């Protein structure tokens with residue numbers, strides 16, 4: 001049958017792929033066609049207003065993300081105890097809730113990345129060009145710096161004495177533990193992004209309304225609950241860079257590489273897992 005996906009023929013495993021049980025056990029949309037991969041370099045984008053509009057949207061979204069989340073962290077830090085503030089749960093909700101709101105607002109303009117690791121993962125999956133990926137990452141980092149800068153402008157003394165929201169590996173944990181937490185945390189986030197925005201899944205499960213920003217924001221919330229005690233939770237190099245630059249203390253830079261290397265490794269693993277295992281794109285063939 002034309003267009004039918006064939007499973008990988010490894011050893012005796014030559015059985016056709018079966019439909020999953022449950023709400024997804026529906027016939028796949030016959031109208032769905034795999035979109036072509038984005039070009040590696042697309043100079044024509046540089047002449048398009050939509051290209052720059054998307055970059056501005058990423059800048060503003062990351063600015064607002066840092067503004068609200070770092071202010072929340074500062075509110076918790078300045079409280080006499082956790083019970084007198086929103087605590088770790090409140091910080092996690094601030095990060096997850098802002099991602100939910102901002103992805104919802106910007107998804108139709110830029111895709112709602114708000115995170116260089118997400119952009120990197122989507123680039124590896126050929127969902128966007130290198131031109132756009134680099135532009136997004138630059139705008140995200142600038143937005144994060146400005147967002148953290150505004151928070152410091154509101155309360156410079158408290159900002160410096162309370163750590164500025166900068167990510168560091170907590171006492172009692174090794175750098176390896178911090179790196180591992182960032183890798184796994186970013187994998188959870190980027191894997192959720194791929195699953196929530198999969199066009200094939202949307203076509204197949206069109207009978208099930210899915211609001212993509214919701215699972216993405218919830219994934220951010222859960223990862224923060226798990227890893228705030230370890231690294232303060234980066235999983236977003238722009239967020240870590242913005243806070244580190246504005247706080248600008250030596251100990252904030254000592255572990256900073258972890259908050260770039262970890263998220264980028266996690267994003268790459270999520271992209272590979274989604275493309276190779278979940279979608280089996282390298283193994284698709286037409287009969």
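In UniProt numbering, the protein residues as written are 1 to 287.
Glycine included, C-beta positions come from ideal geometry on N, C-alpha and C.
The model shown is predicted, which means the values in this text are computed figures rather than measured ones.
- [ ] Could you pull out every residue in the same chain whose Cβ sits closer than 6 angstroms to the Cβ of residue 187, ignoring the five residues on either side in sequence?
- [x] 266, 269, 270
Open item on the list: Tell me the DSSP secondary structure of residue 254 in three-state form.
Closed with: helix
Open item on the list: What would DSSP say about residue 109, mapped onto helix, strand or coil?
Closed with: coil
Task: Selection from 258, 76, 112, 73 that minimises the alpha carbon distance to residue 53 - done: 112
Task: Distance, residue 69 Cα to residue 200 Cα - done: 33 angstroms
Task: Through-space distance from residue 34 to residue 249, alpha-carbon basis - done: 48 angstroms
Task: Three-state secondary structure (DSSP) of residue 58 - done: helix
Task: Cβ shell of residue 224 (< 6 angstroms), same chain only, five flanking positions each side left out - done: 92, 95, 233
Open item on the list: Can you tell me whether residue 283 is helix, strand or coil according to DSSP?
Closed with: helix
Open item on the list: Please report the distance separating the alpha-carbon of residue 117 from that of residue 132.
Closed with: 14 angstroms
- [ ] Under the assumption that residue 77 contacts residue 163 (Cβ atoms under 8 angstroms), give the Cβ distance between them as a whole number of angstroms.
- [x] 6 angstroms
TODO: Give, in chain order, every unbroken run of the alpha helix (DSSP H) that is at least 4 residues long and sits entirely within the stretch 77-107.
DONE: 87-106
Open item on the list: Let's test the definition: count the other Cβ atoms within 10 Å of the Cβ of residue 128 and tell me whether it reaches 16, buried, or not, exposed.
Closed with: buried
Open item on the list: So, at 7 angstroms on beta carbons, what are the nonlocal neighbours of residue 227 in its own chain, with the 5 sequence-adjacent residues on each side left out?
Closed with: 181, 185, 233
Open item on the list: Check whether the stretch 41-52 and the stretch 72-90 are in contact - that is, three or more C-beta pairs closer than 8 angstroms.
Closed with: no
- [ ] Have a look at 108, 167, 212, 240 and flag the residue whose alpha-carbon is nearest the alpha-carbon of residue 51.
- [x] 108
- [ ] Would you identify the three-state DSSP class for residue 119, choosing helix, strand or coil?
- [x] helix
Open item on the list: Is the beta carbon of residue 197 closer than 9 angstroms to that of residue 219?
Closed with: no
Open item on the list: Please classify residue 190 as buried or exposed, where buried requires at least 16 neighbouring CB atoms within 10 angstroms.
Closed with: buried
Open item on the list: I need the straight-line Cα distance from residue 168 to residue 174, nearest angstrom please.
Closed with: 11 angstroms
Open item on the list: Does residue 114 come out as helix, strand or coil in the three-state DSSP assignment?
Closed with: coil
- [ ] Taking only the alpha-carbon atoms, compute the straight-line gap between residue 217 and residue 145 and give it to the nearest angstrom.
- [x] 22 angstroms
Open item on the list: For residue 33, report the span of its alpha helix (DSSP H) as first-last.
Closed with: Residue 33 -> no alpha helix (DSSP H), and no H or E assigned at all.
TODO: If I'm right that residue 114 touches residue 62 with Cβ under 8 angstroms, what's the distance once you round it to whole angstroms?
DONE: 5 angstroms
TODO: Quick one: grab the DSSP three-state call for residue 5.
DONE: Caution applies to residue 5, whose pLDDT of 46 falls short of 50 and renders its modelled position unreliable; the value that the coordinates give is listed next. Three-state DSSP puts residue 5 in coil, outside helix and strand.
Task: Contact belief for residue 246 with residue 149 at Cβ below 8 angstroms, rounded distance in angstroms - done: 5 angstroms
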